[in-house]
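Engineer: Take this structure first; my questions come after.
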Amino acid sequence: MNQTSELIIAGFGGQGILFAGKVLAYGGMLAAKEVSWLPSYGPEMRGGTANCHVIVSDAPVSSPIITNPTLLIAMNKPSLDKFEDALVPGGMVFVDSTLIDRQVKRSDVRVHYIPATQLAQDMNAPKLANMIMLGKLIAEADMLTYDEVKTGLGKSVPSSKQDLLALNLKAINAGYGYKA
Amino acid sequence: MNQTSELIIAGFGGQGILFAGKVLAYGGMLAAKEVSWLPSYGPEMRGGTANCHVIVSDAPVSSPIITNPTLLIAMNKPSLDKFEDALVPGGMVFVDSTLIDRQVKRSDVRVHYIPATQLAQDMNAPKLANMIMLGKLIAEADMLTYDEVKTGLGKSVPSSKQDLLALNLKAINAGYGYKA
Amino acid sequence: MAIVFERPKSLSDVTLHYCPGCTHGIIHRLIAEVIDELDIEGKTIGVAPVGCSVFAYNYFNCDMQEAAHGRAPAVATGIKRADPGNIVFTYQGDGDLAAIGTAETVHAAARSENITVIFVNNAIYGMTGGQMAPTSLVGQVTQTSPYGRKTETQGYPLKVCETLATIQGTAYAERVSVDDVKNIKKAKAAIKKAFENQLAGRGFSIVEVLSTCPTNWGLSPVEALGWLRENMMPHYPLGIYKDITKEEKK
Amino acid sequence: MAIVFERPKSLSDVTLHYCPGCTHGIIHRLIAEVIDELDIEGKTIGVAPVGCSVFAYNYFNCDMQEAAHGRAPAVATGIKRADPGNIVFTYQGDGDLAAIGTAETVHAAARSENITVIFVNNAIYGMTGGQMAPTSLVGQVTQTSPYGRKTETQGYPLKVCETLATIQGTAYAERVSVDDVKNIKKAKAAIKKAFENQLAGRGFSIVEVLSTCPTNWGLSPVEALGWLRENMMPHYPLGIYKDITKEEKK
Amino acid sequence: MAKVTFLEDRCKGCELCTTVCPKKIVVMSKHRMNAKGFHPAEVLEMDKCIGCAFCATICPDAVITVEK
Amino acid sequence: MAKVTFLEDRCKGCELCTTVCPKKIVVMSKHRMNAKGFHPAEVLEMDKCIGCAFCATICPDAVITVEK
Amino acid sequence: MSDKVLMKGNEAIAEAAMRAGCRHFFGYPITPQTELAAYMAKKMPKVGGLFLQAESEVAAINMVYGAAGAGVRVMTSSSSPGISLKQEGISYIAGADLPCLIVNIVRGGPGLGGIQPAQSDYFQATRGGGHGDYRLIVLAPSSVQEMVDLTYLAFDLGDKYRMPVMIIGDGMLGQMMEPVVFDDTKGGGTGEKAWATTGTRMARKRNIINSLYITPEELEKLVWEREKKYDTVRAAEVRFEQYAAGDAEYIIAAYGTTARIAKNAIDTLRREGYKVGLIRPITLWPFPNEAFSRAAKTAKAFLTVEMSTGQMVEDVRLSVDGKVPVHFYGRTGGMVPSPAEIIEKIKSIAGGDK
Amino acid sequence: MSDKVLMKGNEAIAEAAMRAGCRHFFGYPITPQTELAAYMAKKMPKVGGLFLQAESEVAAINMVYGAAGAGVRVMTSSSSPGISLKQEGISYIAGADLPCLIVNIVRGGPGLGGIQPAQSDYFQATRGGGHGDYRLIVLAPSSVQEMVDLTYLAFDLGDKYRMPVMIIGDGMLGQMMEPVVFDDTKGGGTGEKAWATTGTRMARKRNIINSLYITPEELEKLVWEREKKYDTVRAAEVRFEQYAAGDAEYIIAAYGTTARIAKNAIDTLRREGYKVGLIRPITLWPFPNEAFSRAAKTAKAFLTVEMSTGQMVEDVRLSVDGKVPVHFYGRTGGMVPSPAEIIEKIKSIAGGDK
Ligand SMILES: Cc1ncc(C[n+]2csc(CCOP(=O)(O)OP(=O)(O)O)c2C)c(N)n1
Ligand SMILES: Cc1ncc(C[n+]2csc(CCOP(=O)(O)OP(=O)(O)O)c2C)c(N)n1
Ligand code: SF4
Ligand code: SF4
Ligand code: SF4
Ligand code: SF4
Ligand code: SF4
Ligand code: SF4
Ligand SMILES: [Mg+2]
Ligand SMILES: [Mg+2]
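Residue numbers (this note's numbering), protein chains in the order written: chain B, 27 to 206; chain X, 27 to 206; chain A, 288 to 537; chain H, 288 to 537; chain F, 518 to 585; chain Z, 518 to 585; chain L, 34 to 387; chain E, 34 to 387.
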C-alpha cells in the first residue's frame with residue numbers, strides 16, 4: 027500500500043495555520059509527491075477558528091477532506107477538543123503546550139507537547155509558533171524530510187522577502203531541534 | 027354527433043373583428059351552449075391583420091384554435107386568400123364584396139357576397155360593416171338564432187351606451203335582411 | 288439643382304415599423320445623419336433596446352446588438368471594452384432606461400463609460416401597449432394608471448438628466464425635443480456632440496429626446512406634438528444639464 | 288444616581304458579530320434609541336440587507352425581514368404596502384444600496400415610499416472581504432482595485448444623497464457621520480427625523496452614515512475614524528441635501 | 518427654384534410635414550392611396566417651394582428628398 | 518458623582534471609548550482578558566468621571582452604562 | 034355562485050385572485066400577460082387593494098417577498114424573460130417559506146424570443162430556475178374556467194404549505210375568452226399567519242423572515258424538513274385529468290393548450306378506431322407520476338406533446354421508467370401543434386395497429 | 034508546459050482563462066468565488082486585459098453578452114444567488130448563439146442560504162434556469178488541475194459551437210490548493226469570428242447580434258436548428274471518468290467534490306471485497322447517458338451521491354431507464370458527505386452481497 031500522510035493543522039485565525047499547511051503542500055509537491063491543501067472557510071474567517079487539511083501521498087489524492095487524520099497539529103484548546111477523537115489509532119498529535127493547558131486523553135496515539143508560542147516569543151518572533159510546530163512535525167513524523175520542507179518554504183515565501191525566509195527557517199530549526 | 031360551428035372572422039385591425047366574435051360568443055353562452063373566442067395577437071396588433079376564432083357547440087370545446095372552419099367571414103382580400111382553402115367542404119363563406127374584388131374559387135362551399143362596407147357607409151355607420159356581416163351570417167348559417175345574437179349583443183355593449191346598441195342592431199338587421 | 292436633403296446613408300433603406308407620425312423615426316434619422324457626417328459608420332456599433340425601437344437593429348447600417356430590456360448600457364460597456372477604438376451608442380426608451388435599466392444607466396455614468404446614450408422619453412411604455420413609465424406625468428392616464436398617475440401610490444416622474452448631472456462621471460447631459468424644426472436641429476447638434484465626446488474620449492454622454500407616442504396617447508400625430516409641448520416641456524425643461532467641455536473652459 | 292446612558296430596549300441583548308471598533312454597532316444602537324424614544328417597537332418592521340449587517344435581523348427586537356442583496360427598498364415597499372400603519376426601515380451598506388440596489392433605491396425615492404432608509408457608507412464591501420464599492424474613493428486600494436481605484440476603468444464614487452436629492456419623491460436626505468461624539472449626536476437626530484417623517488407620512492427619507500471598516504481598510508479602529516475624517520468627509524460633505532419640511536416652511 | 522420629392526410608398530400620412538411648411542404647400546392627397554393604404558403627402562404648387570427642407574426635417578419616415 | 522459600568526464580556530477592546538473621554542480616564546486593561554480574548558476597557562479613577570457618556574456614545578458594542 | 038361571464042384568461046386570473054382575497058399585486062409590464070395587470074390596475078383601487086407597477090421584475094418579486102412576509106395574499110405576473118429575472122427572488126421566497134402566487138404567461142424563447150404561446154419554461158418552473166433545493170407548486174390550467182379555479186387553489190395551497198405557487202399559462206390561454214363562473218364560497222382570504230412580520234405590538238416575540246443559515250448543519254436540517262413538506266405535497270396535491278384514457282393503448286401526455294389540441298386529435302382518432310387517450314397533468318409539480326406509471330402497465334406507448342423541444346417528456350419518462358416507449362412531438366418558438374400533426378404522429382407510432 | 038505550481042481552484046480557473054486568451058472579465062463580488070475575481074483584478078491589468086467589477090450580476094452578464102457579441106473571449110463568475118440573477122442574460126446569450134464562460138462556485142441554498150460547498154444548482158445548470166429551449170455545456174471539474182484543463186476546453190467549446198459554457202464547482206474546489214500544470218500549447222485565443230460586431234469597416238454587411246424573432250415560424254426554425262447543434266454536442270462532447278467501474282456490481286454516480294469522496298469510499302469498499310465503481314460525469318450537459326445505460330447491463334444497482342436533495346439522480350434514472358434500481362444519497366445545505374456515509378449506504382444496498 028501507498029504511504030499517505032493526512033494532517034490537520036488547527037488553531038486560531040492569525041496563527042499562520044494556512045501558511046504552515048501551504049509550506050508542507052509545496053514541500054510535498056516539489057518532492058514529486060501527490061498533495062492537497064484544503065482550508066476551512068466560512069463566516070468566521072476573521073477571528074475564530076481556522077484549520078487546514080494537508081495530504082501528502084505517493085498515490086493520487088482522492089478526497090482532500092480528512093475525516094480521520096494520521097497527524098494533528100493543535101494550536102489551541104478548541105482545536106484539540108475538536109480533532110483529538112478523530113485521529114487514527116497510532117496517529118500522532120503535536121500540541122502547543124503554551125496555549126493548551128490539558129493533556130491529550132487518548133492513549134493509542136503518540137503525543138508531542140511543544141511550548142511553541144512561548145518559544146516563538148522567546149525568539150522575538152511571536153507569529154512563528156506555526157513554523158516551530160512544523161519543525162517538530164518533520165522531526166518526528168514520516169511525512170516529509172527537513173530538506174523537502176525547506177524547499178517548500180522557499181516556494182511559499184515571495185522572493186522579495188528573503189529575510190522572512192531566514193526567520194521562518196530559524197523557527198523550523200528551533201522546532202526541529204526541540205526536545206521536551 | 028353534436029352540432030358545432032367553427033367560425034373564423036378575419037380582416038383589418040379596426041374593422042371590429044374581435045367585437046363581432048365576442049357578440050357571437052356571448053350569444054352562444056347565453057343560449058346555454060359551449061363557446062370559445064380566440065383572437066390572433068402579435069406585434070401587428072396596431073394596423074395589420076386581425077382575426078378571431080369563435081366556436082359555438084353543444085359539447086365542450088376542446089381546442090379553441092380552428093384549423094378547418096365551417097364558417098368564414100372575410101373582410102378583406104388577404105383574409106380570404108389565407109383562409110379560403112382551410113374551409114371544410116360544405117362550409118360557408120361570407121365575403122365583404124366592397125373590399126374584396128375577387129370571387130371565391132372553391133366550388134364545394136357556399137358563398138355569400140355582401141357589400142357590407144358600402145352598406146355601412148350608406149347607413150352612415152362606416153364602422154359597422156362587421157355587424158352587417160353578422161346579420162347575414164345568422165340569416166344563412168345554422169350557428170345562432172337572431173334572438174340569441176341580439177342577447178349576445180346586449181351583453182357585449184356596456185349598458186351606458188344604449189344608443190350604440192340600437193345602431194348595432196340596425197346594422198345586424200340590415201345584414202339579416204340583405205338579398206344580393 | 289443639388290440635393291439639400293436626403294435620406295442619410297447609414298439609415299437602412301427599409302420602411303420603419305413605427306406608427307404614423309411617431310417621432311422615433313425622426314430621432315433615428317438624426318443619429319444616422321450624425322454617423323454620416325462624422326464618417327464613423329464602419330466603426331460604430333449600436334445597441335437596440337426592448338421597446339418600440341427594438342427593431343432599431345434593422346434600421347442602421349452599422350453593426351448592431353439587441354440588448355435585454357434595460358441592459359443596453361451594460362451591453363454597450365461590453366462592446367466598448369472589447370474594442371475601445373469603436374464607437375458605441377445605445378438607443379433606449381424611458382421604460383428601458385429609467386425603470387428596469389436604472390442601475391445600468393447610473394453606473395455607466397458613474398464609470399464614465401465612453402459611450403453615447405440616446406434616451407427617448409415619450410412618457411409611456413409604447414411597445415407593450417401604453418403602460419405608465421417612470422417619466423409619465425402626474426395625472427397622466429395610461430393603461431396602468433387608468434385614473435391618472437397618482438403621486439401617493441405611483442410617485443413622481445423621474446428627471447433623468449437632472450439626476451445624472453449629479454454624477455461625476457457624466458460628461459454631457461442635454462435634454463432636447465423633436466417637436467418642431469428648430470428643436471430638431473438642436474437635437475441633432477446635441478446628438479452630434481454626444482458622439483464627438485466619445486470620439487474625444489470624454490466619457491458618458493446622454494441626450495434625452497422628448498418624443499411622441501400618438502398611438503398610446505390617443506392623439507393624432509400633430510396633436511401629439513402639441514401635447515408634448517404643452518405638457519412634457521414644462522416638466523422636462525430643455526437644455527444642457529452637464530457639459531464638461533464647458534466646465535473645462537471655465 | 289440615575290441612569291443617564293444605557294443599552295436601548297429595542298436592541299436585543301446579544302453580542303454584535305461586527306469586528307472590534309466597527310461603527311456598524313454605533314449605528315445600530317442609534318436606531319434602537321430612536322425606536323425606543325418614539326415608542327414604536329411594536330409596530331416597526333426592519334429590513335436587513337446582505338452585507339456585514341446581514342444579521343441585523345438578530346439585533347433589533349422588532350419584527351425583521353432579511354432581503355436579497357440590494358432589494359431592501361423593494362422588500363420594504365412590500366411590507367409597508369401590506370400595512371401602511373406600520374413603520375418600516377431598511378439598513379443597507381454601500382454595495383447593497385448603491386451598486387446592486389441602485390434601481391430599487393432610486394425608485395423607492397421616486398415613488399416617495401413612506402419608509403426610512405439607513406444607508407451605511409463605509410466605502411467598501413465589508414462582508415465579502417474588501418472589494419471596491421461604488422463609494423470607494425479614487426485611488427483607494429481594495430481587493431478589486433489593487434492598484435487603487437482608477438477613474439478610467441472604474442469610474443467615480445457615487446454621491447448618493449446628492450443624486451437622490453434631485454428626485455422629487457425624496458422627502459429627506461442627510462449625510463451624517465459617527466466618527467466623534469458630536470457627529471454621533473447629529474446622526475441620531477437625523478435618524479430620528481427620518482423616522483418622524485415616516486410617522487407624519489412625508490415619504491422617502493434617507494440618512495447616509497459615513498462608517499468605518501477597520502478590518503478591510505487595514506487600520507486600527509481609532510485610525511479608521513481618522514481615515515474617515517480625512518478622506519471620506521472631504522468627498523462626502525456632511526449636511527442636509529433635501530428636506531421637504533424646510534421647503535414647506537419657505 | 519427648389520423641388521421636393523416624396524418616396525410615396527413610405528409615407529404614412531401622418532401630416533407632420535404639412536404643419537411646418539412655411540409656404541403651406543404640403544398637403545395630404547385626398548384621393549390617392551399608397552401601397553400601405555395611406556393617403557400620402559404631396560406638393561401641388563411646387564413652384565412655390567423655397568427648398569427650406571422643413572418638411573423633410575420633421576418627416577419621421579425619411580420620405581422626402583429636397584433639391585435646390 | 519458619576520459612574521460608568523462596563524458589560525465587560527461584550528467589550529472588543531477597540532479603544533474608541535478611550536479617545537473620547539474628556540477626563541482621559543478610560544483605559545485599556547493591560548493584563549485582564551475577557552471571555553472573548555480581548556483586553557477590555559476600564560475606568561480606574563472613577564471619581565474623575567463627570568458622567569458625560571461620551572464613552573458610551575461611541576462604543577459600538579453598547580458595553581457601557583452611565584449613571585449620574 | 035356568480036353569473037356566467039365571458040372573460041379572457043388573463044383577466045379571469047386577476048378577477049379570481051381578487052375574489053380569493055388578494056389585495057396586493059406587484060408587477061412589471063410584459064406581453065402577453067398585459068391584460069392581467071391592466072385589469073388589476075383598474076379594479077384594485079375599487080376594492081381598496083393595491084396595484085403597483087414596479088421598476089422591474091426583480092423589484093416586483095422582492096416586493097412580493099416583503100408583502101408575503103407581512104402576511105398578506107400577494108401575487109405577481111409576468112412572462113418568460115421577466116420570470117427569469119425573478120429567479121433569485123423566487124429562491125428567496127422558497128427559502129423563507131413564504132406563500133405567494135407567481136403567474137407565468139409563457140412566450141417563445143430563449144432570449145427576447147417572440148410573444149406567441151409556448152411551453153418552453155417547463156424546466157424552469159418545475160426544476161427551480163433559481164438556486165438551491167426548492168420547489169414551487171406549479172399549476173397548469175387549460176381553460177379559462179380552470180384559470181379561475183386554480184387561482185383560488187393557488188392561494189389556498191400557498192398558505193397551507195407556506196410555499197410559492199406558480200400558474201403557468203401561455204398567450205393563447207391568456208387572450209382567449211370562455212364562459213366562467215366564480216365560486217364565491219371560495220376565497221376571501223388570509224387565515225391567521227402567526228409567523229408574519231405584522232409588528233409585535235409588544236405582545237409576542239419578534240418574527241423574522243429569513244433564508245440565511247450560516248451553519249451548514251442548521252441549513253441542511255431546514256432543507257430536509259422542507260423536503261419532507263414537499264413529500265406531503267407530493268402525496269396530497271397531485272392533480273390530473275384523464276380523457277378517454279381508461280382503455281387507451283396509446284396515451285398522450287400534454288398540459289395546458291396542447292392538451293386541448295390533443296383532445297381534438299383524440300376525438301378524431303377514436304372515431305377512426307384508435308384507442309387513444311390523454312393524461313393531462315394539472316399539477317406539473319408535483320407531477321402525476323403514478324397516473325403515468327399505472328397507465329404504463331396497460332398502454333403500448335406514450336406520446337408527449339409539448340410546445341417546446343422536449344421538457345415534460347423527461348417527467349413522463351421518469352414515471353414510465355422504461356416500461357414502454359415514450360415518444361415526443363413538439364412545436365416551439367410560438368408555433369402551436371395542430372390536431373392533424375398529433376394524429377399523424379399517433380398513427381405512425383401505432384403502425385396499422387388500431 | 035509550464036512548471037508545476039500549487040494553486041487554489043478559484044485562482045487556477047482565473048489563470049487558465051487568461052492563458053486561454055480571455056482578456057475580459059465582468060463580475061460582481063460573492064463568496065465563495067472571491068479569489069477568482071481578486072486574481073483577475075490583480076493580473077488582468079498586467080497583460081492589458083480588463084477586470085471590471087459591475088454594479089450587479091445582471092449588469093455583469095449583459096456586459097458579457099456585449100463583449101461576446103463583439104467577438105472576444107469573455108467570462109464571468111459568481112455563486113448561486115448571483116447565478117440566479119444572471120438567468121435572463123444567459124438565456125439571451127444562448128438565444129443569440131454567443132460563446133462565453135460562466136463560472137458557478139455553488140453554495141448552499143435556496144435564498145441567501147450559506148456559503149459552504151453544495152451541488153444544489155445542478156437543475157439550474159443543466160435544465161436552463163432561464164426561459165426557453167436552450168442548453169449550456171456544463172463542465173464539472175473535480176480537481177484543481179481539471180479546473181485548469183476544463184477552462185481551456187470551455188473557451189474552445191464555446192467558440193466551436195457558439196454557445197455559453199458553464200463551469201460548476203463549489204467552495205471546496207475553489208479554495209483548496211493542488212499542484213497544477215498549465216499547458217501553454219493550448220489557449221491563446223480567438224479564432225476568426227465573422228459574425229461578431231467588430232465594426233463593418235465599410236468592408237462587409239453589418240452584423241447583428243439578436244435573439245428576437247417575432248414570426249413564430251422563424252423562431253421555431255432557429256430553435257430546431259439550435260437543437261440540431263445540441264445533438265452534435267451530445268454526440269461529440271460527452272466526457273466522463275470511470276473509476277474501478279469495469280467489473281463493478283454497484284456503481285456510484287457522482288461529480289465534482291462528491292466524486293472524490295466516493296473514490297475514497299470505493300477504495301475502502303474494494304479492500305473489503307465489494308465490487309464498487311464510479312462513473313463521474315465531467316460534462317453534466319451533455320450527460321453521459323450511454324455510459325450509464327451501458328453499465329446498467331451489468332451492474333446490480335446504482336447509487337447517486339450528491340450535495341443536494343437529489344438532482345443529478347434524475348439524469349441517472351433517465352439513463353438507466355428502469356433497468357436496475359437507482360438509489361440516492363445526499364447531503365445538502367453545505368454539508369459534505371463522508372466516505373463512511375457512502376460506505377454504509379453501499380453496504381445497505383448490497384446487503385451481504387460482496
Ligand atoms: C425583462 C423584460 N421585461 C419586460 C418586457 C416587456 N417590455 C417590452 S418593451 C417594454 C417597455 C417599453 O417602453 P419604453 O422603454 O418606454 O419604450 P417605447 O416603447 O416607449 O419606445 C416592456 C416593459 C421585456 N421584453 N423584458
Ligand atoms: C446577489 C448577490 N450578489 C452578491 C452577494 C455577495 N455579497 C454579500 S455582501 C456583499 C457586499 C457587501 O457590501 P456592503 O453592501 O457595502 O456592506 P458592508 O459589508 O460593507 O457593510 C456582497 C457583494 C450576494 N450575497 N448576493
Ligand atoms: S406605440 Fe407609440 S412609441 Fe411605439 S411606434 Fe407607436 S407611436 Fe411610436
Ligand atoms: S468587515 Fe468591516 S464593515 Fe464588516 S464588520 Fe468588520 S469592520 Fe465592520
Ligand atoms: S422644402 Fe420647404 S417650402 Fe418646400 S415643400 Fe418643403 S417645407 Fe415647403
Ligand atoms: S411627414 Fe412624412 S410620413 Fe408624414 S405625411 Fe409627411 S411625408 Fe408622409
Ligand atoms: S462618562 Fe464621560 S467622563 Fe465618564 S468615563 Fe465616560 S467619557 Fe469619561
Ligand atoms: S468602545 Fe466599547 S468595545 Fe470598544 S473598547 Fe471601549 S468598551 Fe470596549
Ligand atoms: Mg417610452
Ligand atoms: Mg460597505
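For every residue, glycine included, the Cβ atom is placed at its ideal position computed from N, Cα and C.
Grab the span of the alpha helix (DSSP H) containing threonine 392/A for me, first residue to last.
Structural biologist: 389 to 397 is the extent of the alpha helix (DSSP H) around threonine 392/A.
Engineer: I need the residues with a C-beta less than 5 Å from some heavy atom of ligand 6; please give them in chain order.
Structural biologist: Going by the Cβ distance cut-off, the answer is Cys528/F, Lys529/F, Cys531/F, Leu533/F, Cys534/F, Ala558/F, Cys576/F, Asp578/F, Val580/F.
Engineer: Should lysine 547/F be flagged as near chain A, meaning a C-beta pair shorter than 7 Å?
Structural biologist: Chain A contact via Cβ: absent.
Engineer: Counting along the chain, where does the alpha helix (DSSP H) carrying isoleucine 376/E start and finish?
Structural biologist: Residues 372 to 383.
Engineer: Could you check whether the Cβ of threonine 422/H sits closer than 6 Å to any heavy atom belonging to ligand 4?
Structural biologist: No, the beta carbon of threonine 422/H sits no closer than 6 Å to any heavy atom of ligand 4.
Engineer: Closer than 6 Å to a non-hydrogen atom of ligand 5 - does that hold for the CB of lysine 540/F?
Structural biologist: Yes - ligand 5 has a heavy atom lying nearer than 6 Å to the Cβ of lysine 540/F.
Engineer: Within the present structure, is the beta-carbon of leucine 35/X separated from the nearest heavy atom of ligand 9 by less than 6 Å?
Structural biologist: Rather than leucine, the amino acid found at residue 35/X in this sequence is isoleucine. Every heavy atom of ligand 9 is 6 Å or more from the Cβ of isoleucine 35/X, so no.
Engineer: Can you tell me the Cβ-Cβ gap for isoleucine 313/A and alanine 397/A, rounded? I've got them flagged as a contact below 8 Å.
Structural biologist: Not quite, the Cβ-Cβ distance comes to about 31 Å (not below 8 Å), so this is no contact.
Engineer: How many angstroms separate the CA atom of glutamate 390/A from the CA atom of valine 341/H?
Structural biologist: Before going on, a small fix: residue 390/A reads as alanine here, not glutamate. Distance between the alpha carbons of alanine 390/A and valine 341/H is about 22 Å.
Engineer: For valine 543/Z, which residues of its own chain have a beta-carbon under 7 Å away from its beta-carbon, when the five flanking residues on both sides are left out?
Structural biologist: Excluding sequence neighbours, valine 543/Z sits near Cys534, Thr535, Ala558, Val560, Cys572.
Engineer: Could you tell me whether any Cβ in chain Z is nearer than 7 Å to the Cβ of threonine 302/H?
Structural biologist: So yes, threonine 302/H belongs to the interface.
Engineer: Under the three-state reduction of DSSP, which class applies to isoleucine 314/H: helix, strand or coil?
Structural biologist: Helix at isoleucine 314/H.
Engineer: Which residues in chain Z have a C-beta closer than 8 Å to the C-beta of methionine 288/H? List them in chain order.
Structural biologist: Within 8 Å Cβ-Cβ: Met518, Ala519, Lys520, Glu584, Lys585.
Engineer: Using a Cβ cut-off of 9 Å, pull out every chain L residue sitting near proline 61/X, in sequence order please.
Structural biologist: Residue identity check: residue 61/X is valine in the sequence provided, not proline. The answer, in chain order, is Leu39, Met210, Glu211, Pro212.
Engineer: Is there at least one Cβ from chain A nearer than 7 Å to glutamine 86/L's Cβ?
Structural biologist: Taking Cβ atoms only, chain A reaches closer than 7 Å to glutamine 86/L, which makes this a yes.
Engineer: What first and last residue would you give for the alpha helix (DSSP H) that runs through glycine 180/B?
Structural biologist: From DSSP, the alpha helix (DSSP H) with glycine 180/B extends over 172 to 182.
Engineer: For glycine 162/L, is the beta carbon positioned less than 6 Å from some heavy atom of ligand 3?
Structural biologist: Result no, Cβ not under 6 Å from ligand 3.
Engineer: Whole angstroms is fine: what's the gap from alanine 386/A's alpha carbon to methionine 419/A's?
Structural biologist: When rounded, the distance between both Cα atoms is 10 Å.
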